[in-house]
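**Student:**
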Amino acid sequence: MEAVVSFEEFSYSYPTREDVLVDIDFQVHRGEVLGVIGPNGAGKSTLCRCLNGLIPHFYGGRIRGKVIVAGLDTQEHSTAELSMKVGLLFQDPIEQLSGVALTVEEEVGFGLSMLGYPKEVIGERVAEAIERVGLKGLEGRSPYELSGGQQQRLALATVLAMRPEVIALDEPTALLDPIGKYEVFGVLRELASEGSTLMVVEHEIEELAYIADRILLLHGGRILSIDESKRVLSEVSRLKEIGVDPPSVTELTYLLEREVGVALGEYPTTLPEAVRLYGEVLRS
Amino acid sequence: MGVVRRVLLDKRVLTGDSIIHRLDPRPKFFFFLWISVLAYVFYDYVLTALFLLVILALAAAAGILRRILLVLAVIVLPGFAFAIPILSVLFPWNETLMFKLHILGFELPLYYEGFTWGLSWPLKIAVCVSSALLFYLTTEPGELIALLFKLRLPYKFIYMVTITLQLIPLLLDEIQTIYQAQLSRGLRTKANPVKRIWNFLALVIPLTLSSLMKVQTRAIALESRGFSAPVRKTCLYDIRLRAGDHLFFSAMIAVTLLLAYLYLLYGFSPIVHLKFYYVAG
Ligand SMILES: Nc1ncnc2c1ncn2[C@@H]1O[C@H](COP(=O)(O)OP(=O)(O)O)[C@@H](O)[C@H]1O
Ligand SMILES: [Mg+2]
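Residue numbers (the numbering used here), protein chains in the order written: chain R, 148 to 431; chain D, 127 to 407.
1) According to the neighbour-count rule (16 or more other Cβ atoms, all chains shown, within 10 Å of its Cβ), is Gly-296(R) buried or exposed?
2) Using only CA atoms, which one of Ser-246(D), Trp-160(D), Leu-149(D), Ile-212(D) lies nearest to Leu-383(D)?
3) Tell me which residues pass a beta-carbon proximity test against ligand 3: closer than 5 Å to any heavy atom, given in chain order.
4) Check for me: the alpha helix (DSSP H) holding His-147(D) runs from which residue to which?
5) Relative to the C-alpha of Asn-325(D), which candidate in Lys-340(D), Ala-307(D), Ser-336(D) has its C-alpha closest?
6) Applying the criterion that 16 or more other CB atoms from any shown protein chain within 10 Å of the CB defines a buried residue, is Gly-407(D) buried or exposed?
7) Pro-319(D) to Ile-326(R), Cα distance in whole Å?
8) Taking Cβ to Cβ, would you say Asn-146(R) is nearer than 8 Å to Ser-230(R)?
9) Would you mind giving the Cβ-Cβ distance between Ala-356(R) and Pro-394(R), rounded to the nearest angstrom? I have them listed as a contact below 8 Å.
10) Are Asp-371(D) and Pro-153(D) touching if we call contact CB-CB under 8 Å?
11) Cα-Cα, which of Leu-195(D), Asn-220(D), Leu-263(D) is closest to Arg-148(D)?
12) Thr-226(R) CB to nearest chain D CB: under 8 Å?
13) Measuring CA to CA, which of Cys-195(R), Gln-174(R), Arg-211(R) is closest to Asp-166(R)?
14) CB Leu-309(D) to CB Ser-260(R), shorter than 8 Å?
15) Measuring CA to CA, which of Val-306(R), Leu-429(R), Ser-245(R), Thr-221(R) is closest to Ala-410(R)?
16) Exposed or buried, what is Val-280(R) when buried is set at 16 or more other beta-carbons lying within 10 Å of its beta-carbon?
17) Relative to the C-alpha of Thr-417(R), which candidate in Thr-221(R), Glu-341(R), Leu-380(R) has its C-alpha closest?
18) Near Lys-401(D), which residues of its chain fall below 7 Å by C-beta distance, leaving aside the five closest residues on each side in sequence?
19) Which parts of the segment 210-297 of chain R are runs of the alpha helix (DSSP H), unbroken and 4 residues or longer, counting only runs that do not cross its ends?
20) DSSP on Leu-345(R), reduced to helix/strand/coil?
21) Answer yes or no: does any C-beta atom of chain D fall closer than 8 Å to that of Ile-269(R)?
22) Check for me: the beta strand (DSSP E) holding His-152(R) runs from which residue to which?
23) Check the Cβ-Cβ distances between Thr-163(R) and every residue of chain D, and say whether any is below 8 Å.
24) Write down every uninterrupted run of the beta strand (DSSP E) in the segment 162-211 of chain D whose length is 3 residues or greater and which is fully enclosed by it, in chain order.
25) For a cutoff of 8 Å on Cβ pairs, would you count Lys-276(D) as touching chain R?
26) Indicate whether at least one CB of chain R lies closer than 8 Å to the CB of Asp-143(D).
27) Using DSSP with H/G/I as helix, E/B as strand and the rest coil, what is Tyr-425(R)?
28) Less than 8 Å separating the beta-carbons of Thr-288(D) and Gly-263(R)?
29) Are there any heavy atoms of ligand 2 lying less than 7 Å away from the beta-carbon of Glu-252(R), as far as the coordinates show?
30) Using a Cβ cut-off of 8 Å (strictly closer), state whether Asp-392(R) contacts chain D.
31) Counting along the chain, where does the alpha helix (DSSP H) carrying Gly-204(R) start and finish?
32) Is Glu-351(R) near ligand 2, in the sense that its beta carbon is under 7 Å from a heavy atom of that ligand?
33) Kindly indicate if chain D contains any beta-carbon less than 8 Å away from that of Asp-220(R).
34) Would you kindly report the start and end of the unbroken beta strand (DSSP E) that includes Ile-313(R)?
35) Are the C-beta atoms of Ile-346(D) and some chain A residue less than 8 Å apart?
36) Considering only residues of the same chain and omitting the five flanking positions on each side of Gly-207(R), which have a CB-CB separation below 8 Å?
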């Protein structure tokens with residue numbers, strides 16, 4: 148499988164904080180959705196900042212090892228160059244707006260205009276990106292007049308318009324209300340099913356269980372495990388030890404086994420899977 | 127702040143459609159420079175008042191006369207109120223006595239030179255301010271950005287101007303929010319001056335801090351979107367000179383020629399024939 152992102156024996160220290168990432172070594176493959184989980188301060192945001200060269204170009208600090216994205220070494224290429232290869236989505240939708248666009252359409256076109264694309268190309272790509280995040284009909288609105296969920300989808304559209312090879316999302320729904328979360332996850336599911344390459348940092352572990360092919364568990368700047376979602380999420384006691392909540396259905400199954408002595412044989416991680424497994428057990 | 131906000135910042139209400147709105151931003155911007163320079167070249171309050179009338183006529187055509195008059199009332203009327211009486215009495219080059227004012231048993235001589243000086247300068251400022259407003263209030267933000275692109279200014283500068291225009295209203299909202307929050311926590315607005323300065327700081331410090339944090343995040347977001355890519359940025363807006371714009375330019379050229387002729391014939395004060403003052407005189 149082709150690696151779009153490749154961390155090679157990578158370690159990083161901020162200028163004011165040592166060893167925030169230590170011995171990070173993993174790949175994100177083309178077409179894969181990699182979930183990233185871990186307690187607060189584990190280094191998840193730091194990991195995202197490495198993808199488009201914000202680390203080290205913007206934050207400084209010390210690096211060992213390499214990060215290669217779409218064949219480019221992030222230390223040798225500027226963030227502006229990498230902006231065509233990697234899209235980054237942050238928590239706060241408002242703060243990633245350009246601040247100068249008067250309309251949704253202009254906001255989506257901003258990145259391409261910064262890279263000097265001709266207007267016709269920008270127009271085409273903007274229309275396509277707006278369509279994909281479901282903001283059609285709101286092209287002429289001011290970005291500031293949108294709801295949180297719409298703003299975050301707008302931010303996603305600005306990233307999609309650049310047609311990056313991989314998109315890293317750092318808790319994209321953390322600041323949204325339930326409706327906003329639902330809207331954004333809807334788009335993410337669609338992107339995942341279309342075969343986009345995504346790296347998703349998310350506390351909404353239930354949602355992550357649906358879309359992630361693999362999950363990386365980060366703790367204290369080190370990779371504790373990286374494996375198929377089901378495998379990682381099934382290690383309930385380990386997750387709880389470091390302060391990460393597994394999906395409720397997984398935890399329920401775990402507790403039933405430990406406290407009541409009823410074992411299912413495997414741990415479901417999503418609701419449909421739980422319904423299937425429990426259905427079988429209850430019928431027999 | 128109320129007036130500033132109503133006149134300058136609530137541009138949303140103002141996207142009008144008139145002959146003036148439809149002009150390209152370039153002739154309008156040039157008009158502002160042109161008439162301001164003329165107002166300084168000529169020292170003649172009748173002529174300056176004529177310039178002001180022309181601007182106000184254009185403002186009326188654009189449907190923004192009230193807004194401009196409001197601003198003039200705030201900055202020009204006080205100018206007259208202070209400058210005219212003080213200069214009529216105390217202007218160093220006063221020589222022509224107009225009349226003597228008797229107040230409370232005092233006799234105040236009023237002089238023509240100071241009077242005209244006090245009359246002219248607020249008028250000049252009025253020309254400058256109202257033509258700038260005429261430009262600003264009838265130009266869409268997009269046109270303004272396109273204008274800055276056409277002037278070949280560096281993109282970082284264009285971004286700075288644009289973001290300022292865009293963010294000031296948001297910033298004002300934020301001031302409101304913080305102010306309300308502090309009022310509800312017992313901030314006292316009727317207090318002595320020292321207390322007031324303190325209150326002001328209590329308002330400004332959280333604002334500055336929260337803005338600084340935002341600047342940092344925004345800088346990162348911009349950087350991630352290719353902001354500093356070393357290429358010519360694409361301008362997303364179009365502006366084009368049309369027949370009306372050429373007509374407007376032609377009118378300015380014609381008037382310039384006429385005024386140049388008057389200047390050669392009568393000097394800098396062609397209608398009221400004022401004298402030039404210089405320190406050595
Ligand atoms: N800009 C920075 N400068 C110094 N230390 C930082 C910076 N950003 C994060 N850190 C520190 O690095 C560690 C990892 O932070 P972060 O990547 O934000 O974790 P997470 O996103 O998993 O919560 C934390 O201990 C945090 O205090
Ligand atoms: Mg984080």
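We put the CB at the ideal spot given by N, CA and C, even for glycine.
**Tutor:** Based on what the coordinates show:
1) Gly-296(R) should be labelled buried.
2) For Leu-383(D), the closest of Ser-246(D), Trp-160(D), Leu-149(D), Ile-212(D) by C-alpha to C-alpha distance is Trp-160(D).
3) For the structure depicted, ligand 3 is absent and the ligand set comprises only ligand 1 and ligand 2.
4) Its alpha helix (DSSP H) spans residues 145-148.
5) Nearest C-alpha to Asn-325(D): Ala-307(D).
6) Low confidence applies here, because Gly-407(D) scores a pLDDT of 39, under 50, leaving its location unreliable and the question unanswered by this model.
7) If you take the alpha carbons of Pro-319(D) and Ile-326(R), they lie about 48 Å apart.
8) As displayed, chain R neither begins before 148 nor continues past 431, which places residue 146(R) out of reach and without an answer.
9) Going by Cβ atoms, the distance from Ala-356(R) to Pro-394(R) rounds to 5 Å, so yes, they are a contact pair.
10) The answer is yes: Cβ separation under 8 Å.
11) Taking only the C-alpha atoms, the option nearest Arg-148(D) is Leu-263(D).
12) Judged by the 8 Å Cβ criterion, Thr-226(R) is in contact with chain D.
13) It is Arg-211(R).
14) In this structure, Ser-260(R) does not lie closer than 8 Å to Leu-309(D) by Cβ.
15) Between Ala-410(R) and the set Val-306(R), Leu-429(R), Ser-245(R), Thr-221(R), the nearest pair of CA atoms involves Leu-429(R).
16) With 16 or more other Cβ atoms within 10 Å, it is buried.
17) For Thr-417(R), the nearest C-alpha among the options comes from Leu-380(R).
18) Nothing meets the Cβ criterion.
19) Within the segment 210-297 of chain R, complete alpha helix (DSSP H) segments of at least 4 residues are found at 226-229, 251-261, 266-279, given in chain order.
20) Three-state result, Leu-345(R): strand.
21) Chain D, which has a Cβ nearer than 8 Å to the Cβ of Ile-269(R), makes this yes.
22) Looking at the sequence provided, one finds Val at residue 152(R) rather than His. Residues 150-161.
23) By this cut-off, Thr-163(R) is not an interface position.
24) Listed in chain order, there is nothing to give.
25) At least 8 Å separates the CB of Lys-276(D) from every CB of chain R.
26) No, Asp-143(D) does not count as interfacial toward chain R.
27) Helix, per DSSP.
28) It is not a contact, given that the beta carbons lie outside the stated cut-off.
29) Not under cutoff, so the answer is no.
30) No, its Cβ sits nowhere closer than 8 Å to a Cβ of chain D.
31) According to the sequence as given, residue 204(R) is His; it is not Gly. Boundaries of the alpha helix (DSSP H) around His-204(R): 201-204.
32) No, since every heavy atom of ligand 2 falls outside the 7 Å radius drawn around the Cβ of Glu-351(R).
33) The beta carbon of Asp-220(R) does not come within 8 Å of any beta carbon belonging to chain D, so the residue lies off that interface.
34) Looking at the sequence itself, residue 313(R) is Val, so the reference to Ile does not match. 313-317 is the extent of the beta strand (DSSP E) around Val-313(R).
35) Of the chains in the structure shown, none is chain A; the protein chains are R and D.
36) Take Gly-207(R), set aside five residues on each side of it, and the residues of its chain with a beta-carbon closer than 8 Å to its own are Tyr-161, Pro-162, in chain order.
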